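Written out below as structure tokens is the structure these notes cover.
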Amino acid sequence: MSNIGIIIGREYRERVYKKSFILTTLLMPVLMLAIAIVPTLLIMFAHGDAKRIEVVDMSGKIADRLESNEFVEFTSGGNDLQQALKKSLEDDNFGVLYVGENIIADPNDVKLYTNSSSSMTMEESITSQISDIIEAERLKEYNINNLKEIMDNVRADVHLSTFRNDAEEGVDKSVSSAATGIVGIILGFMLYMVLVIYGSIVMQSIIEEKNSRILEVMVSTVRPFDMMMGKILGVALVALTQMLIWGVILILISAVIMPSLLPADIMSGVASIQAGATDVAAVAQMSDIDPEALTALSSLLDAGYIAGIFATFVIFMTGGFLLYAAMYAAVGASVDEIQDASQLQTPIMLPLLLAEIVLIMLLNDPNSKLAFWFSIIPFTSPIIMPARVPSGIPLWEVILSAVLLFATFAAMVWVAAKIYRIGIFMHGKKPSFKELWRWLRY
Amino acid sequence: MAEIIRAEHVTKRFTGHTALDDVTVSIPEGAVYGLLGPNGAGKTTLIRVINRITVPDSGKILFNGRPMEQQDVYRIGYMPEERGLYRKMKVGEQALFLARLKGLSRHEALTRLKKWFVKFGIEDWWNKKVEDLSKGMAQKIQFIVTVLHEPKLLIFDEPFSGFDPINANLLKEEILRLRDNGATVIFSTHNMASVEEICDHITLINKSHNILSGRVDEIRRSHGGNIFTARFRGDADALAQRLAPSCEIMESENDLTGFSTMKLHVADNADVRSVIAAINEETELRSFNEIIPSMNDIFIRAVNGTL
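Those protein sequences? They're chains E and D, same order as listed.
Going by the working numbering, the first sequence opens with residue 1, and the numbers climb by one from there.
Going by the working numbering, the second sequence opens with residue 443, and the numbers climb by one from there.
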């Protein structure tokens, strides 16, 4: 086996067989799932704790029509505000709602006295209920027949179904811009994390090797270039391994586990949209679900769609990682301690942070000029391109971007190898950018 | 004898000081070659220049008579002064890794490593982590991985530092055995006793200059300085008077058995044979020996400039 292969093997085994790697790889999806599920569960189980509010209704038109829900429970509090307030304190209730006598004419005559702090959702739920009642009361005064039917007729609920108009494949199946936007952002952030975390691993382990003087032992055996590339590729394989495991788990969840957990009628809706049904609203009505949510679900549960995104993700993660790892390697080789690295890391962090900012702007328009250029320029493309892919972009853009990325990587390795070769045997003073430039031309 | 390495007029400056100043060294094939010198003299820099870790400002290195190239480095086994091993790796795994990098197959490396581990009595270290080893233990591992692939040229930088006398001896024997098997060994050291024992050639570097080079026995002989001891029975005072024109009596003592021992410095223009004849006439001469200075004396005198 060539030396570079032996080094890759060592770098890979040293990391993958570590307990911490196995734990994070397996626990991360569990953690992510928990983050997604726990708040929902909390809300589901929290409604036993409804707040009790006594209503002092001077108008006599509101109290009976207030509906208790999982957050609030309304009870009648009589007609005496002072007495109700006193009783509320004694019973340790949430508070008292006072409704004025002329509430229909003067909608501002409503007061909430609370024994503890109130919340926005609670206040909104009360005001929206009261305004509905007042509106209904006011309409009633116009004495219109069949008012209820007329109102039902008038009410409109607009759902915008979006389709991809692809020149080659014609009108494609329905896509959810909400889903693609969110998926894109999540991918972008994940890539950022991978680049920074695994990049720093490369840097740190080079600094460690420098300090343990193992490099001087290896110099009579291995070319510095092989050492550096072996490390970069070895760590890249570790990252890929982790991503593949996560990818498999993700695809399993979207293709097998989720469908079996969701109710059958929703799944049949998802299936018909995935099959190309164009009347999303009708399908949604059949499945008794919000059309927007159904489209999003159908996108996320489409294993092919997920796999496509995942493939782009892996390609750009690899290219991006190699590019950034080469830069991190150069930084690691030129310093003795991690503390000295921060200044030299600036040129690495800058494009990454810029990409993060553009990433958030993607949510508004994934196909803007800005988004296009940032997904083509190699230093930001590893983050922006995978984030744009879910919303559907021409293939040539993806290919161009990938080719540019890997070409830049090759150039960067050349630069990094020169710095590395000299840097690993330099101890003591931290080099300035000017010195690094000299090393390059050495 | 053929040269394996020749450094010609090598100069290396670092900011602030000159580490090597026009140093020329010729290392014959099959020798055990000692690089001596006080701390900071430039020994390690010379070794690093030979290893192509450091590029000299001027001068060149010849390997087997032609300018040295990068590939030649891979035919050297090098043990640096500051030992380096992956601290988190297990001893056996690490030794295998380094051995395979040196071109041994996994199987071959395992066989050879086992032999060495048995020889050094360290079989049970195989699964220990390097960070749990003492300095001396790590040294042994380092030595093994340096020589495992049996390179033609071995370079040890301060190989004996950190070893107890027993292990230092073990190391000496191994170095001599490597030479007998045809390898050339270069090592730098302060340990003068080991130089006399195992070096065939030395170069003494002081303040960036090569101040003394040659075969150890020739150097010692040529710096003998005409000092002898004579052991005899007879009148020491009378003898001293008779020798006065040609010798300086450095020491003289009588022991209880009636014998005397005298240390003489024979003047450069005097004839040693006539001195012996004089002693023989004057007393009953039992022994007459030349005192050859130790490398330690030569080292100190050379460094102090009184050679």
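Backbone N, C-alpha and C define an ideal beta-carbon position, used for all residues, glycine too.
All values derive from a computational prediction rather than experimental measurement.
- [ ] For the alpha helix (DSSP H) holding E/Leu400, just list the boundary residues, first then last.
- [x] Position 400 of the first sequence holds residue 400 of chain E. Looking at the DSSP string, the run of the alpha helix (DSSP H) that includes E/Leu400 is Leu395 to Gly423.
- [ ] Please name the residue in D/Ser650, D/Trp568, D/Val714 and D/Lys614 whose C-alpha comes closest to that of D/Ala635.
- [x] What you label residue 635 of chain D is simply residue 193 of the second sequence in a count that begins at 1. The residue with the shortest Cα to Cα distance from D/Ala635 is D/Lys614.
TODO: Could you round the C-beta distance between D/Ala672 and D/Met704 to whole angstroms and report it? I think they count as a contact, below 8 angstroms.
DONE: Position 230 of the second sequence, counting from 1, holds the residue named residue 672 of chain D. Position 262 of the second sequence, counting from 1, holds the residue named residue 704 of chain D. Confirmed, about 5 angstroms.
Open item on the list: Here's the rule I'm using: 16 or more other beta-carbon atoms within 10 Å means buried, otherwise exposed. How should E/Thr127 be labelled?
Closed with: For this step, residue 127 of chain E is matched to residue 127 along the first sequence. The residue in question, E/Thr127, is exposed, as its Cβ has fewer than 16 Cβ neighbours within 10 Å.
Task: For D/Ala541 and D/Glu600, the rounded distance between their alpha carbons - done: Within the second sequence, the letter at position 158 stands for residue 600 of chain D. Within the second sequence, the letter at position 99 stands for residue 541 of chain D. Between D/Glu600 and D/Ala541, the C-alpha separation is close to 22 angstroms.
- [ ] Express the C-alpha separation of E/Met151 and E/Asp80 in angstroms, rounding to a whole number.
- [x] On the first sequence, residue 80 of chain E is found 80 positions in, with the first residue counted as 1. On the first sequence, residue 151 of chain E is found 151 positions in, with the first residue counted as 1. Those two C-alpha atoms are separated by around 37 angstroms.
Open item on the list: DSSP three-state label for D/Glu445, please.
Closed with: As a position in the second sequence, residue 445 of chain D is number 3, starting the count at 1. Looking at D/Glu445 - three-state DSSP - the assignment turns out to be strand.
Task: Reduced DSSP secondary structure (H/G/I, E/B, other) of E/Ile146 - done: Along the first sequence, one-based indexing puts residue 146 of chain E at 146. Inspection of the sequence shows that residue 146 of chain E is occupied by Asn rather than by Ile. Correct three-state label for E/Asn146: coil.
TODO: Just mark E/Ser334 as buried or exposed, buried being the case when its beta carbon has 16 or more other beta carbons within 10 Å.
DONE: As a first step, residue 334 of chain E must be located in the first sequence, where it is residue number 334. Under this definition E/Ser334 is a buried residue.
Open item on the list: Please tell me whether D/Val515 has its Cβ less than 7 angstroms away from any Cβ of chain E.
Closed with: For the purposes of this step, residue 515 of chain D is taken as residue 73 along the second sequence, with counting starting at 1. Answer yes: the Cβ-Cβ gap between D/Val515 and chain E drops below 7 angstroms somewhere.
Task: Positions along the stretch 405-436 of chain E whose CB lies within less than 8 angstroms of some CB in chain D - done: Phe425
Open item on the list: Excluding the 5 residues flanking E/Leu323 on each side, which residues of the same chain have their C-beta closer than 8 angstroms to its C-beta?
Closed with: As a working mapping, residue 323 of chain E is identified with position 323 in the first sequence. Around E/Leu323: Pro378, Phe379, Pro382, Leu405, Thr408, Phe409 and Met412.
Task: Separation of E/Ala236 from D/Cys641, as counted between CA atoms - done: Along the second sequence, read from residue 1 onward, the residue named residue 641 of chain D stands at position 199. Along the first sequence, read from residue 1 onward, the residue named residue 236 of chain E stands at position 236. Cα-Cα distance, rounded: 48 angstroms.
TODO: Give a yes or no on whether 7 angstroms exceeds the smallest Cβ distance from D/Arg663 to chain E.
DONE: Here residue 663 of chain D is taken as the residue at index 221 of the second sequence, counted from 1. No, D/Arg663 does not count as interfacial toward chain E.
Task: Sub-7 angstroms separation of D/Asn481 and D/Tyr520 beta-carbons - done: Your numbering for residue 481 of chain D matches position 39 in the second sequence. Your numbering for residue 520 of chain D matches position 78 in the second sequence. It is not a contact, given that the beta carbons lie outside the stated cut-off.
TODO: Using the Cα positions of E/Ile232 and E/Val196, report the straight-line distance between them to the nearest angstrom.
DONE: As a working note, residue 232 of chain E is residue 232 in the first sequence. As a working note, residue 196 of chain E is residue 196 in the first sequence. Going from the Cα of E/Ile232 to the Cα of E/Val196 covers about 14 angstroms.
Open item on the list: Is there a Cβ of chain D sitting closer than 7 angstroms to that of E/Glu216, yes or no?
Closed with: As a working note, residue 216 of chain E is residue 216 in the first sequence. Yes, E/Glu216 lies at the interface with chain D (some Cβ there is under 7 angstroms from its Cβ).
Task: Residue span of the beta strand (DSSP E) that contains E/Phe71, given as start and end - done: The count along the first sequence starts at 1 and reaches residue 71 of chain E at position 71. Taken as a continuous stretch (DSSP letters only), E/Phe71 belongs to no beta strand (DSSP E), as it is neither H nor E.
Task: Cα-Cα separation between D/Ala444 and D/Pro593, rounded to whole angstroms - done: Working through the second sequence from its first residue, we reach residue 444 of chain D at position 2. Working through the second sequence from its first residue, we reach residue 593 of chain D at position 151. Near 17 angstroms, if we compare the C-alpha coordinates of D/Pro593 and D/Ala444.
Task: Terminal residues of the beta strand (DSSP E) in which D/Phe585 lies - done: For the purposes of this step, residue 585 of chain D is identified with residue 143 of the second sequence, where counting begins at 1. Not the beta strand (DSSP E): D/Phe585 falls in the alpha helix (DSSP H), residues Lys577 to Val589.
Open item on the list: Which residue marks the beginning of the alpha helix (DSSP H) containing E/Ser220, and which one marks its end?
Closed with: The residue given as residue 220 of chain E occupies position 220 in the first sequence. Run containing E/Ser220: none; DSSP gives neither H nor E here.
Task: Beta carbon proximity, D/Tyr475 to chain E, threshold 7 angstroms - done: Your numbering for residue 475 of chain D matches position 33 in the second sequence. D/Tyr475 does not count as touching chain E.
Open item on the list: Would you call the stretch 673-683 of chain D in contact with the stretch 723-738 of chain D, where contact means no fewer than 3 C-beta pairs closer than 8 angstroms?
Closed with: yes
Task: Rounded C-alpha distance that separates E/Val398 from E/Met385 - done: By 1-based counting over the first sequence, the position of residue 398 of chain E is 398. By 1-based counting over the first sequence, the position of residue 385 of chain E is 385. Looking at the two C-alpha atoms, the distance is approximately 7 angstroms.
Task: E/Arg438 at chain D interface by Cβ criterion, 7 angstroms - done: Locating residue 438 of chain E in the first sequence gives position 438, where the first residue counts as 1. It does not; no Cβ of chain D falls within 7 angstroms.
- [ ] Report yes or no: is there a C-beta of chain E within less than 7 angstroms of the C-beta of D/Arg554?
- [x] Here residue 554 of chain D is taken as the residue at index 112 of the second sequence, counted from 1. Not an interface residue.
Open item on the list: Using a 10 Å radius around the Cβ and a threshold of 16 neighbouring Cβ atoms, would you call D/Asp606 buried or exposed?
Closed with: In the second sequence, counting from the first residue as 1, residue 606 of chain D sits at position 164. Answer is exposed; the Cβ neighbour count stays below 16.
Task: 3 or more residues per run - each beta strand (DSSP E) lying fully within the stretch 455-542 of chain D - done: 459-470, 474-478, 500-505 and 518-521
Open item on the list: Can you pull out the residues from the stretch 482-500 of chain D whose beta carbon lies closer than 7 angstroms to at least one beta carbon of chain E?
Closed with: Asn493 and Ile495
Task: Same chain, Cβ closer than 8 angstroms to D/Asn569, five either side skipped, listed in chain order - done: Here residue 569 of chain D refers to the residue found at position 127 when the second sequence is read from its first residue. For D/Asn569, where only same-chain residues beyond five positions count, the Cβ hits under 8 angstroms are Lys532, Val533 and Gly534.
Open item on the list: So, for E/Lys111: in the same chain, excluding its five sequence neighbours on each side, which residues have a beta-carbon less than 6 angstroms away from its beta-carbon?
Closed with: On the first sequence, position 111 is the one that residue 111 of chain E refers to. So the list reads Tyr98, once near-sequence residues are dropped.
Open item on the list: Let me confirm a value: E/Ala355 is counted as buried when at least 16 other C-beta atoms fall within 10 Å, else exposed. Which label applies?
Closed with: If you number the first sequence from 1, residue 355 of chain E lands on position 355. By the 10 Å Cβ count, E/Ala355 comes out buried.
Open item on the list: Please report the distance separating the alpha-carbon of E/Asp336 from that of E/Thr346.
Closed with: Here residue 336 of chain E is taken as the residue at index 336 of the first sequence, counted from 1. Here residue 346 of chain E is taken as the residue at index 346 of the first sequence, counted from 1. So the two alpha carbons sit approximately 17 angstroms from each other.
Open item on the list: Looking at the secondary structure, which residues open and close the alpha helix (DSSP H) in which E/Ile377 lies?
Closed with: Translated into the one-based positions of the first sequence, residue 377 of chain E becomes position 377. No alpha helix (DSSP H) holds E/Ile377; DSSP gives it neither H nor E.
Task: DSSP beta-bridge partners of E/Lys434 - done: Your numbering for residue 434 of chain E matches position 434 in the first sequence. Looking at the DSSP assignment, E/Lys434 forms no beta bridge with any residue, so it has no partner.
Task: Segment limits, beta strand (DSSP E) that includes D/Thr703 - done: Residue 703 of chain D sits at position 261 when you count from the first residue of the second sequence. Its beta strand (DSSP E) spans residues Phe701 to Val708.
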